[in-house]
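Asks:
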Amino acid sequence: MSFYKLTLKYNGHRYQGWQKQPHTELTVQGQLNRALAKISKSKEVKTLGSGRTDTGVHALAQVVRVEIPLVIPPEKLVRALNSNLPDDIECLMAENADENFHPVFGSVDKTYRYIFALGKRRDPLLNQQITFMTRKLDIEKMEEACKLFVGKHDFADFFTVGTDVATTVREIFSCSLTKMEATGFFHDLCPEYFVFEVTGSGFLKQMVRLMVATIWNIGEGKIDAASLAESLRKPDGNKLAPVAPPQGLYLTKVTYNS
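Structure, rendered in structure tokens:
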């Protein structure tokens, strides 16, 4: 068997998440496995992603461990995959990998971005890439609230059941909210938007979307920053906000030791 490390970019809108499912091939992993099986002419294909993105969530750099019964130069594997993958999934890079490479446990940190825009409920061209809303938010309060996430905390209140985890403690290295202005053609579609960016040691199921929804509630005045600080200090199982929609979320970077 041969082992490879892939980096994938995909639009998750029409997929039922990353992870393959028995009743459908309409997952990103399902499409990747199908393409690899065709290329290797074998069903003995194994893949493991660095993160299980949910339905509707996108990736700019999903890292995947691949095991296939085929020796092929990495650059040829990239071309073969992009000839067999649907247009909304792209293989950016392939590298030879060690048999012991693990995309989850071997990572140093992961970065996610959540993009949202204010002032309108929807845009027919961008609905699947950005979350739109008409809520009036205090951006300064939200920027300050982001700082509270930094450090090692128990994120039990920022976790939805569905994946077994040994601990809900995670370390956040950086967390910020930035106002961005679009230029050129994209200015007509969405002149300004906001990017919530967080880098951490790892993330629980729907953790980032719950973090985003929480700072929305702080910005709207539904809760205060003290409630967030207390939830991180002493979680009680109560969510501070419902889960934010999936379409604004992107897995943007996974870092490994060289």
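Following this note's numbering, the numbering of the sequence shown begins with 9 at its first residue and continues without gaps.
Note that the Cβ used here is the ideal one computed from N, Cα and C, for glycine as well.
Need the endpoints of the beta strand (DSSP E) that ASN104 sits in, please.
Replies: ASN104 -> beta strand (DSSP E) spans 97 to 104.
Asks: Is it the case that the Cβ atoms of ASP296 and LEU218 are separated by a distance below 9 Å?
Replies: As shown, the chain starts at 9 and ends at 266. That puts residue 296 outside it, with no answer to give.
Asks: Leaving out five residues on either side along the sequence, give the residues of the same chain with a beta carbon under 8 Å from the beta carbon of LEU197.
Replies: So the qualifying residues of the chain are ASP131, LEU133, LEU134, ALA190.
Asks: Which residue marks the beginning of the alpha helix (DSSP H) containing ASP244, and which one marks its end?
Replies: Segment: none, ASP244 is in no alpha helix (DSSP H) and carries neither H nor E.
Asks: Measure the C-alpha to C-alpha separation of LYS187 and SER10 and round it to an integer number of angstroms.
Replies: Distance between the alpha carbons of LYS187 and SER10 is about 44 Å.
Asks: Could you check whether ILE231 and LEU257 sit closer than 9 Å to each other, using their CB atoms as the reference points?
Replies: Going by C-beta atoms, LEU257 is not nearer than 9 Å to ILE231.
Asks: Taking the continuous beta strand (DSSP E) assigned at ARG121, which residues delimit it?
Replies: ARG121 -> beta strand (DSSP E) spans 115 to 126.
Asks: Taking Cβ to Cβ, would you say PRO30 is nearer than 9 Å to GLU52?
Replies: Not in contact: PRO30 and GLU52 (Cβ atoms no closer than 9 Å).
Asks: In chain order, what residues of the same chain lie with their CB nearer than 8 Å to the CB of ARG129, ignoring the 5 residues before and after it?
Replies: Taken in chain order, the residues that qualify are PHE140, MET141, THR142.
Asks: If you run the structure through DSSP and keep just helix, strand and coil, what is GLU200?
Replies: Correct three-state label for GLU200: strand.
Asks: Okay, do the region 58 to 70 and the region 39 to 47 touch, 3+ Cβ pairs below 8 Å being the bar?
Replies: Touching, no.
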